[in-house]
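Q:
Residue numbers (my numbering): 1 to 235.
(1) Note the first and the last residue of the continuous beta strand (DSSP E) segment covering residue 31.
(2) So residue 70 is in the beta strand (DSSP E); what residue range does that whole segment cover?
(3) Whole angstroms are fine: how far does the CA of residue 227 sit from the CA of residue 38?
(4) In chain order, what residues of the same chain have a beta carbon less than 7 Å from the beta carbon of residue 137, not counting five sequence neighbours either side?
(5) What whole-angstrom Cβ distance do residue 125 and residue 140 have, given they're in contact under 8 Å?
(6) Considering only residues of the same chain and omitting the five flanking positions on each side of residue 223, which have a CB-CB separation below 6 Å?
(7) Indicate whether residue 119 and residue 192 have their beta-carbon atoms separated by less than 8 Å.
(8) Could you tell me if residue 308 is buried or exposed, where buried requires 16 or more neighbouring beta carbons within 10 angstroms of its beta carbon?
(9) Less than 8 Å between C-beta atoms, sequence neighbours within five positions excluded: which residues of the same chain meet that for residue 58?
(10) Could you say which of 133, 135 and 180 lies nearest to residue 150 if we only look at CA atoms?
(11) According to DSSP, is residue 42 helix, strand or coil?
(12) Which residues does DSSP list as the beta-bridge partners of residue 86?
(13) List the whole-angstrom C-beta distance separating residue 96 from residue 43, where the pair is believed to meet the contact cut-off of C-beta under 8 Å.
(14) Let's test the definition: count the other Cβ atoms within 10 Å of the Cβ of residue 205 and tell me whether it reaches 16, buried, or not, exposed.
(15) What are the start and end residues of the alpha helix (DSSP H) that includes residue 96?
(16) Grouping DSSP H, G and I as helix and E and B as strand, with all else coil, what is residue 197?
(17) Return helix, strand or coil for residue 290, following the three-state DSSP convention.
(18) Out of 70, 92, 75 and 53, state which residue places its alpha-carbon closest to the alpha-carbon of residue 83.
(19) Give me the Cβ distance between residue 183 and residue 105, rounded to the nearest whole Å; I'm assuming they're in contact under 8 Å.
(20) Do you know offhand how far residue 147's Cα is from residue 89's?
(21) Under the criterion of a Cβ to heavy atom distance below 7 Å, does residue 96 qualify as lining the ligand MG?
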């Protein structure tokens with residue numbers, strides 16, 4: 001990214017949110033979603049995600065005490081009063097995180113390799129990284145960050161200083177790749193394989209392969225094994 005980051009006003013525009021606190025001029029360059037993990041509060045946007053059994057909004061007062069001042073929320077009532085706070089409110093913070101990452105990706109113009117498949121995503125990504133490191137300035141998904149949350153957080157680290165990005169994307173049910181495709185927006189694709197993982201959510205391997213292949217809708221090149229009938233039919 002532009003290491004100066006973005007303003008809260010730009011955030012509101014990118015995610016279609018409401019500027020709830022502040023004048024929109026505060027800047028952030030880093031994202032955080034877990035209050036338990038250490039991070040530098042200055043220049044960090046905390047995104048209050050909600051899950052079935054977890055709601056990060058509960059921890060906002062504690063985060064304010066720690067010095068965090070920029071927030072992306074769906075419930076602004078839990079924010080304590082304070083002139084130094086800056087917040088954007090949306091209906092769905094996960095959707096907003098993904099929109100923000102896709103908006104950020106649209107500002108980056110270098111090549112990106114996107115990797116999907118039932119198995120082998122992480123190892124292929126690491127192979128590529130090890131082969132190319134030292135020859136070009138790279139950024140890659142950390143670990144196996146290929147989920148609906150992990151992909152946007154990974155792509156957020158892509159900046160104009162990088163000559164190549166390598167990101168993996170995984171899905172478990174229909175409709176998920178449509179959300180990840182604009183975030184990764186790969187110029188080069190790698191489809192590793194189709195296997196039994198998450199088979200309960202798809203009628204057959206062809207349907208699963210078709211969903212995964214949506215990642216490469218606008219890619220200039222795609223690497224895959226033609227011997228895999230379902231993959232070949234999907235691409």
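Quick reminder that beta carbons are idealized off the backbone N, C-alpha and C, glycines included.
Predicted model, so just to flag it, every value in this text is computed and none were measured.
A: Quick look at the numbers:
(1) 30 to 32
(2) 70 to 73
(3) 46 Å
(4) 161, 162 and 163
(5) 6 Å
(6) 190
(7) yes
(8) In the structure as shown, the chain begins at 1 and stops at 235. Residue 308 is therefore absent and cannot be evaluated.
(9) 78
(10) 180
(11) coil
(12) 70
(13) Contact doesn't hold; Cβ gap of about 19 Å is too wide.
(14) buried
(15) 93 to 105
(16) coil
(17) Coverage of the chain is limited to positions 1 through 235, which leaves residue 290 absent and any answer about it impossible.
(18) 70
(19) 6 Å
(20) 23 Å
(21) Among the ligands in the structure shown, none appear at all, so the ligand MG cannot be discussed.
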